[in-house]
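Sequence lines, in order, name chains A and B.
So for the first sequence, full-length UniProt numbering puts the first residue at 1; every next one is plus one.
So for the second sequence, full-length UniProt numbering puts the first residue at 1; every next one is plus one.
A short worksheet on the structure shown next.
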Amino acid sequence: MGGAERNARKRRQGQTGATPAARNAVAAARGAKTDRNKIIIGVLVVLVIAGAVIGGVVYTNNKKNATVGQTIPVHQVSLAVPVVREDAAVVVGKDTAKVTVDVYEDFLCPVCASFEDRYGPQLDQQLEAGTVKVRYHLVNMLATRSDPEGYSTDSANAALLAADEGKFLAFHKSLFAEQPEEGARGWTKDQLVDLGRAVGATSPAFADGVRTGKYDQLITEAYQKASTTDYLLQDLGDGRKAFGTPTIAANGTALDISDPKWLDNLIAAPQG
Amino acid sequence: MLDWVGTLLRLGLAAVWLVSGWIKVSDPNQTFIAVQAYDLLPGALVSVVAAAMPFLELALGLLLLVGLGTRLTAVLSGLVLLAFIGAVAQSWARGLSIDCGCFGGGGQVAAGDTRYPQELARDIGFLAMAVWLAVRPRTRFSVDSRFTGTS
């Protein structure tokens, strides 16, 4: 008989030799230990998840609130042309201009900021020369795309109020040059009021108008109208059309601004 | 043998959560836009959900990776996946044109660019992995097995 076999037999004997009561006690002890382990594991899982979620929300909110406490830097515009607000639009340019360009923009729209960056100087030149007028339509299409929502509307409203004060150009340029990110916190009403003050819109009417949302309704209505105006819609390619920003139009036709010479072509075209 | 299948599924689902969570954590603004596009929650809640979800995914991924509380984690994963499936399905049913933002991206897309069937199939596949682990959580190389002393 080998040693291993003898040990195995001893174990079997030991098992059969134990009383039923003893066996139950062992099983119960093992069960209690398993239960305790399950509870420990459960608590650990809950702690890991709760920690991650709470820590994550705090971290993300800190990261997204980059615009808190800042002052919107001012970008001046040295352009001496008339600026008149017409409902939710702002008409800029001299009366001699034969061409009027309609520009539909949202202050939160990144492509609008690129448009301003790329074609703003050209437009300014033509405004100065008196060949072109620009009618800026400030729409709040992306009103839900800031966190908290509403930056599109607040900024458009503030820009219209700045136009009432004759300070639209610098205000408009500054907001596009210092555009907050989509999905993040925008500039607050207070920061917009401060920007207005910095560009010379110092009247209480401006600050009150920004805070109460004086033109919000007007802006929303104008956006609704634009988004249902057929010639302003962009073809999505499958028979459906949708309004988007920026949309540039003149004489009741949307212009293709992917052509870098769109403005020259428009000025050169015979005006009817 | 089945332990090995379970191990593969556990690590696979862990990778899914870690990758999708990491992509979302890296771009919180995009995540906000993705959650917002489902048009399900009021603004303030969108913000909280968009901030919490990526980290929930990372936590689930981490727990699965080390194999701690595999059954509970698998059940929670399944619930989260069911919520995702429900959210995508309702967007499809309502005719929204959005990208699910499951692995980054998200938000409105052109009407012809939606991929609802693929997105749902993928999520249902992940759900099946979670169900296996919830039913049969025993796997190799897990913290759980140290606790229970099995395998």
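A virtual CB, placed ideally from N, CA and C, is assigned to each residue, including glycine.
Where residue i falls, given that 16 or more other Cβ within 10 Å makes a residue buried
i: Val83(A); result: buried
i: Gln70(A); result: exposed
i: Ile72(A); result: buried
i: Leu47(A); result: exposed
i: Asn65(A); result: exposed
i: Val199(A); result: buried
i: Thr150(B); result: Confidence is the limiting factor: at Thr150(B) the pLDDT is only 49, short of 50, which leaves the residue's position unreliable, though a coordinate-based value still follows. Thr150(B) should be labelled exposed.
i: Tyr38(B); result: buried
i: Gly101(B); result: buried
i: residue 153(B); result: Here chain B covers residues 1 to 151 and nothing more, so residue 153(B) does not appear.
i: Asp208(A); result: exposed
Residue i versus residue j: straight-line alpha-carbon distance, rounded
i: Val91(A); j: Val103(A); result: 10 Å
i: Ser99(B); j: Ile85(B); result: Per the sequence presented here, residue 99(B) reads as Asp, with Ser not at that position. When rounded, the distance between both Cα atoms is 13 Å.
i: Pro20(A); j: Ala27(A); result: 11 Å
i: Val109(B); j: Ala242(A); result: 11 Å
i: Glu116(A); j: Thr70(B); result: 53 Å
i: Phe168(A); j: Asn265(A); result: 27 Å
i: His137(A); j: Leu160(A); result: 10 Å
i: Trp17(B); j: Gly105(B); result: 16 Å
i: Ile267(A); j: Thr229(A); result: 24 Å
i: Thr148(B); j: Asn37(A); result: 8 Å
i: Ile54(A); j: Ala89(A); result: 44 Å
i: Pro137(B); j: Val49(B); result: 28 Å
i: Gly213(A); j: Trp92(B); result: 35 Å
i: Val43(A); j: Arg23(A); result: 30 Å
i: Ala170(A); j: Val77(A); result: 5 Å
The beta strand (DSSP E) enclosing residue i, as first and last residue numbers
i: Val109(B); result: No beta strand (DSSP E) contains Val109(B), which DSSP labels as neither H nor E.
i: Arg135(A); result: 132 to 138
i: Glu105(A); result: 99 to 105
i: Val199(A); result: No beta strand (DSSP E) contains Val199(A), which DSSP labels as neither H nor E.
i: Arg85(A); result: 83 to 86
Cβ-Cβ distance between residue i and residue j below 8 Å
i: Leu255(A); j: Tyr119(A); result: no
i: Gly186(A); j: Ser146(A); result: yes
i: Gly67(B); j: Arg10(B); result: yes
i: Gly12(B); j: Met129(B); result: yes
i: Pro28(B); j: Thr60(A); result: yes
i: Gly107(B); j: Ile23(B); result: no
i: Val132(A); j: Asp106(A); result: no
i: Val134(A); j: Leu127(A); result: yes
i: Asn157(A); j: Val210(A); result: yes
i: Glu119(B); j: Val88(B); result: yes
i: Ser97(B); j: Thr114(B); result: yes
i: Thr245(A); j: Val111(A); result: yes
i: Val45(A); j: Thr73(B); result: yes
i: Asp124(A); j: Leu79(A); result: yes
i: Gly78(B); j: Val19(B); result: no
i: Leu82(B); j: Leu45(B); result: no
N-terminal and C-terminal residue of the alpha helix (DSSP H) that residue i is part of
i: Thr245(A); result: From DSSP, Thr245(A) is part of no alpha helix (DSSP H); its letter is neither H nor E.
i: Ala269(A); result: From DSSP, Ala269(A) is part of no alpha helix (DSSP H); its letter is neither H nor E.
i: Asn157(A); result: 151 to 164
i: Val131(B); result: 116 to 135
i: Ser78(A); result: Element bounds for Ser78(A): n/a, residue is neither H nor E.
i: Cys109(A); result: Here Cys109(A) belongs to no alpha helix (DSSP H), and DSSP marks it neither H nor E.
i: residue 152(B); result: Any answer about residue 152(B) is impossible in this case: the structure gives chain B only from 1 up to 151.
i: Leu41(B); result: It is not in any alpha helix (DSSP H) - Leu41(B) carries neither H nor E in the DSSP assignment.
Which residues DSSP lists as bridging residue i, in chain order
i: Thr31(B); result: Thr31(B) is not bridged to any residue.
i: Asp235(A); result: Lys241(A)
i: Ala89(A); result: Glu86(A), His137(A)
i: Thr253(A); result: Ala250(A)
i: Asp99(B); result: Gly107(B)
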